Amino acid sequence: MSKAETKRRILGPLIPRLTSLAKKGPSGWMVIIGTIIVLALVIMTAIGPWVTPHDPTKYHGPIRTPPSLQFPMGTNHLGQDMLSRILCGGSLMLQVSALSVLVCFLIGVPIGLFSSYIGGIFDRTMSLVIDAIYAFPGLVIAIAVAAMLGTGVVNMALSIAVVYIPSYFRIVRSQVLSIKELTYIEAARAAGAKWHTILLRYIFPNVIPSIVVVASINFADAVLTAAGLTFIGLGVTIDIPDWGWDLTSGRALIASGAWWVITFPGLMIILLALGFTLIGDGLSELLNPKLQR
Amino acid sequence: MSLLEVNSLTVDYPTSRGTVHAVEDVSFSLEKGETLGLAGESGSGKSTLGLSIIRLVPYPGVIVKGRIKIGETDILKLPEHGMLSIRGRRIAYVFQDPMTSLNPVKRIGAHFVELIRTHEPNTSREEAFQRAKDMLKNLGILPERINDYPHQFSGGMRQRIMIGLAIALNPDLVVADEPTTALDVIVQAKILDLLESLREIYGMALILISHDLSIILERCNKIIVMYAGHMVEYANSTELHKSPKHPYTQGLLQSIPNIELADQKLSAIPGSPPNMLDPPKGCRFWPRCPYAKKKCSSKEPPLIDVGNNHFVRCFLYSEKGANSE
């Protein structure tokens, strides 16, 4: 196969696929809109530092100015420009949620696969541990772990990952339990396939659709948990612009009538979580063969 | 030397309510190119017998006794990784349900390529792909469809693909476990014809498992009739058709409709198969047997040689049999 042909085979169906997504009804549109929201926020955050009218960490005009031409989203109690902070403030949240989803995926999926495939005592022990984690309210565990690990992007991601590994584990485990009893697994075994071939080539690909759905919902939750962590001060240091921090400072200011400090970052967090949720819900309907017409 | 030799094989399923002897003391042998039919009703142990030949008896089943030899190799003595080169390469298995026997996320070609390259690592991907295309031609499926997914094929085509996968490596023996049960009668005949013609081309032996004695009589050289885990009769097919000895086999043959007879009434075997947790004492068939005597309910009949390579597990023939008690 030539290179050009490979390229055509990969790129060729992409645009028809996107348009066919729209034809699949509401769930297709949910995925499209969600993807547009998330992509827009990612691009905004990526180019944010170059397009800000003011330095988001420096003190500019007077404190607590309401939205005006010079400061379209007003300034906070330190006199920082809110628009600049909004433009750059998503970076931490996106990094943390992406990293935590990656960690969850890399840990939750393999242990789910192994535990369920091997079964027996190993599976029971793993399930017990995972269920114990699952029983706690997510934010409480995240706060506890974050308090132990300290601040920073990686530590935040790890503490969020601890909360969401159980969702991956449970989904993967239950799927493997049903898949491994199917005839094609037995047929593969009867054809002399090794156990790791069966696990990686026969079981894993059939679990991927469910994992994709969990991952996109996990993204939305991670965004909210990350916001929660920075809100209570377990996130990052104050010199990095972050929507979660602005919520904290805005909360103190709302009594004095400065609504703009908390409203705009709050809206951004909602928008990001909404984007991921739309993708997740849409995908879960699209990828579920039983719901397809 | 026989291709396959099974000696006094016993397979148990230990359950919480007692042990089920799914297969008890079964012995037979199979030569190169021969076809053996395993007939019996659901739960008679025919699938368990088939699966134990590739040592894949489902949990909690265990092979407790016996010897299974394929060529020179005693497969019950092999370590688990040694079985990997037997399964698929020397003994292939075709499962009952073609709808779920193929991996739904893999293209048909990939199934062949993976199978071939698992057992022949030196074969290049292109070569394996070419062999897959040739095989599809043999199966009566357009080679262009090699990149289609399993769900794009009909049930009959999928079963043909399964058969193609089974013989792709030219195994010595193919075990087909009710290969046509999920298919309609027309497709059933086509599949069996295909299996037979491929068996002739490739010269492999075949074990055909079915609950349908008429299929087995038509397609097999040798026949084993199973009842409740016991081999009740063993003969070649013409012999069995001409003079069935065991009352159970007679009952089965009488329950096959015959369009040439004026009297269209079918005779059925009264009663139902025994509870395998608590099988009847003595001969397992006696509660349903029209010829049952007192002796049948207390003592287990041995396998009796009635001559002409015909064996039957029934006291009716003990006075004629060579090794009577």
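First to last, the sequence lines map onto chains A and Z.
Position 61 of the first sequence, counted from 1, bears residue number 60 in numbering that gives the first Met the number 0, the numbering being contiguous throughout.
Position 287 of the second sequence, counted from 1, bears residue number 286 in numbering that gives the first Met the number 0, the numbering being contiguous throughout.
The beta-carbon is built from N, C-alpha and C at its ideal position, and this holds for glycine as well.
Treat the numbers as computed from the prediction; the structure is a model and nothing was measured.
- Got a sec: which bits of the region 102–120 of chain Z sit with their beta carbon under 8 Å from any beta carbon on chain A, in order along the chain? Asn102, Pro103, Val104, Lys105, Glu113, Leu114, Thr117 and His118
- Message: With a threshold of 7 Å between beta-carbons, can aspartate 304 of chain Z be considered close to chain A, or not?
- Response: no
- Item | Assigned secondary structure, glycine 182 of chain Z (DSSP; H/G/I helix, E/B strand, else coil) | Checking the sequence, you will find leucine at residue 182 of chain Z rather than glycine. The answer is coil: DSSP assigns leucine 182 of chain Z none of H, G, I, E or B.
- Message: Please report the distance separating the alpha-carbon of valine 305 of chain Z from that of leucine 276 of chain Z.
- Response: 31 Å
- Item | Bridge partner(s) assigned by DSSP for threonine 14 of chain Z | Z/Gly17
- Selection of the region 203–215 of chain A by Cβ proximity to chain Z, strictly under 7 Å: Pro204 and Asn205
- Express the C-alpha separation of lysine 132 of chain Z and isoleucine 164 of chain A in angstroms, rounding to a whole number. 44 Å
- Between the region 190–204 of chain A and the region 241–256 of chain A, do at least 3 Cβ pairs fall closer than 8 Å? no
- Message: On the criterion of 16 or more Cβ atoms from any shown chain inside 10 Å, does leucine 233 of chain A qualify as buried, or is it exposed?
- Response: buried
- Message: Please tell me whether lysine 68 of chain Z and glutamate 4 of chain Z are closer than 7 Å, where the distance is taken between their beta carbons.
- Response: yes
- Item | Coil, strand or helix - valine 305 of chain Z by DSSP | Coil at valine 305 of chain Z, not helix or strand.
- Determine the chain Z residues that contact tyrosine 116 of chain A at a beta-carbon separation under 8 Å, and present them in chain order. For tyrosine 116 of chain A, no chain Z residue has a C-beta closer than 8 Å to its own C-beta; the minimum C-beta separation is roughly 13 Å.
- Message: Our contact map puts alanine 141 of chain A next to leucine 20 of chain A with C-beta atoms below 8 Å; I'd like the distance itself, whole angstroms only.
- Response: Alanine 141 of chain A to leucine 20 of chain A, Cβ: 34 Å. No contact.
- Item | Outcome for glycine 274 of chain A when other beta-carbon atoms lying within 10 angstroms are tallied against a minimum of 16 | buried
- Span of the beta strand (DSSP E), counted from its first residue to its last, around lysine 221 of chain Z: 221–226
- Message: Measuring CB atoms only, is the region 69–83 of chain A touching the region 188–196 of chain A, in the sense that at least three cross pairs come out at less than 8 Å?
- Response: Contact fails: fewer than three Cβ-Cβ distances are below 8 Å.
- Message: Quick check: is the beta carbon of phenylalanine 94 of chain Z nearer than 7 Å to any beta carbon in chain D?
- Response: Annotation note: the requested chain D is absent from the structure, which comprises protein chains A and Z.
- Give every residue of the same chain whose Cβ lies closer than 7 Å to the Cβ of serine 1 of chain Z, excluding the five residues on either side of it in the sequence, and list them in chain order. Ser28, Leu29 and Glu30
- Message: Any beta carbon of chain Z sitting closer than 7 Å to that of threonine 182 of chain A?
- Response: yes
- Chain-ordered neighbours of leucine 164 of chain Z on chain A, where CB pairs are closer than 9 Å: Ala186 and Ala190
- Query: Among Z/Asp176, Z/Arg287, Z/Cys295 and Z/Val112, which residue has its Cα nearest to the Cα of isoleucine 145 of chain Z?
  - Reply: Z/Val112
- Where does phenylalanine 275 of chain A sit, in a helix, a strand or coil, going by DSSP? helix
- Message: Looking at the strands, I want to know which residues DSSP matches up with glycine 36 of chain Z.
- Response: Z/Leu207 and Z/Ile222
- Does the region 114–128 of chain Z come within contact of the region 82–91 of chain Z, defined as at least 3 CB pairs closer than 8 Å? yes
- At least 3 beta-carbon pairs within less than 8 Å: the region 208–222 of chain Z vs the region 50–64 of chain Z: No: the two stretches stay apart, fewer than three of their Cβ pairs being nearer than 8 Å.
- Query: From the beta carbon of arginine 16 of chain Z, is the nearest beta carbon of chain A less than 7 Å away?
  - Reply: no
- Item | Collapsed DSSP secondary structure at serine 7 of chain Z in the structure displayed | Three-state DSSP puts serine 7 of chain Z in a strand.
- Item | Beta carbon proximity, arginine 86 of chain Z to chain A, threshold 7 Å | yes
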